[in-house]
Amino acid sequence: MFYQFTPQSRFLLGTAGYPSPDILHQAINASGAEIITVSLRREGSEGGAFRTLLQQLNKRILPNTAGCHTVKEAVTTAQMARELFDTPWIKLEVIGHADTLQPDPFALVEAARILCADGFQVFPYPTPRKI
Numbered sequence: 001m002f003y004q005f006t007p008q009s010r011f012l013l014g015t016a017g018y019p020s021p022d023i024l025h026q027a028i029n030a031s032g033a034e035i036i037t038v039s040l041r042r043e044g045s046e047g048g049a050f051r052t053l054l055q056q057l058n059k060r061i062l063p064n065t066a067g068c069h070t071v072k073e074a075v076t077t078a079q080m081a082r083e084l085f086d087t088p089w090i091k092l093e094v095i096g097h098a099d100t101l102q103p104d105p106f107a108l109v110e111a112a113r114i115l116c117a118d119g120f121q122v123f124p125y126p127t128p129r130k131i
């Protein structure tokens with residue numbers, strides 16, 4: 001269960017890296033995933049067409065803060081994603097190391113605290129390393 005939503009499939013599918021919107025559409029349908037992760041930063045100039053495609057799929061959207069390096073950047077991106085996708089869900093990522101893209105656990109906790117206080121339902125992306 002994810003915040004009062006119980007999907008039939010535990011498979012979550014990202015939307016980055018597909019060669020075309022058609023292949024993305026086919027992959028999402030074939031996967032059986034009910035939750036689709038989306039990076040607001042990768043919307044680009046054709047963001048409207050991408051949002052339309054996502055709406056047509058009728059899946060739960062889990063926007064993420066991929067590419068954010070600071071708490072402020074992650075919080076701002078999350079707020080924009082909530083408005084754009086009309087969801088309190090956010091997959092929270094705060095990059096701590098530019099070379100490895102490993103998350104910054106301290107910034108992640110701080111951003112999560114701020115977002116939870118603002119009504120977000122946070123799915124944190126933590127580091128597997130012990131501190």
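1 is the number of the first residue of the sequence shown in full-length UniProt numbering; add one for each residue after it.
Glycine included, every Cβ here is placed at the ideal spot set by N, Cα and C.
The model shown is predicted, which means the values in this text are computed figures rather than measured ones.
Distance cut-off 8 Å: residue i Cβ against heavy atoms of the ligand MG
| i | result |
| --- | --- |
| residue 73 | The ligand MG is absent from the structure shown, which contains no ligands of any kind. |
Option nearest residue i by Cα separation, candidates the options
| i | options | result |
| --- | --- | --- |
| residue 9 | 29, 111, 120 | 29 |
| residue 116 | 20, 100, 75 | 75 |
| residue 88 | 112, 94, 120, 68 | 120 |
| residue 95 | 38, 14, 67 | 67 |
| residue 64 | 106, 84, 55, 49 | 84 |
| residue 108 | 98, 118, 97, 126 | 126 |
| residue 18 | 50, 5, 55 | 50 |
| residue 152 | 23, 55, 15 | Only positions 1 to 131 of the chain appear in this structure, which leaves residue 152 out of reach. |
| residue 99 | 69, 7, 48, 106 | 69 |
Delimiting residues of the beta strand (DSSP E) encompassing residue i
| i | result |
| --- | --- |
| residue 121 | 121-124 |
| residue 92 | 89-92 |
| residue 12 | 12-14 |
Those residues which DSSP pairs with residue i across a bridge
| i | result |
| --- | --- |
| residue 60 | 35 |
| residue 128 | DSSP, once it has assigned bridges, lists no residue as partnering residue 128. |
| residue 5 | 2 |
| residue 95 | 103 |
For residue j and residue i, the rounded distance between their alpha carbons
| i | j | result |
| --- | --- | --- |
| residue 53 | residue 60 | 13 Å |
| residue 21 | residue 33 | 17 Å |
| residue 104 | residue 128 | 11 Å |
Neighbourhood of residue i by C-beta, 6 Å cutoff - its chain only, sequence neighbours within 5 removed
| i | result |
| --- | --- |
| residue 123 | 91 |
| residue 3 | 121 |
Contacting residues, own chain, Cβ-Cβ under 8 Å from residue i (five flanking each side not counted)
| i | result |
| --- | --- |
| residue 57 | 25, 28, 29, 36 |
| residue 13 | 27, 28, 31, 33, 35, 36, 37 |
Close beta carbons around residue i, own chain, < 7 Å, minus the five adjacent residues each side
| i | result |
| --- | --- |
| residue 11 | 31, 32, 33 |
| residue 112 | 92, 122, 124 |
Boundaries (first-last residue) of the alpha helix (DSSP H) holding residue i
| i | result |
| --- | --- |
| residue 84 | 71-85 |
| residue 116 | 105-117 |
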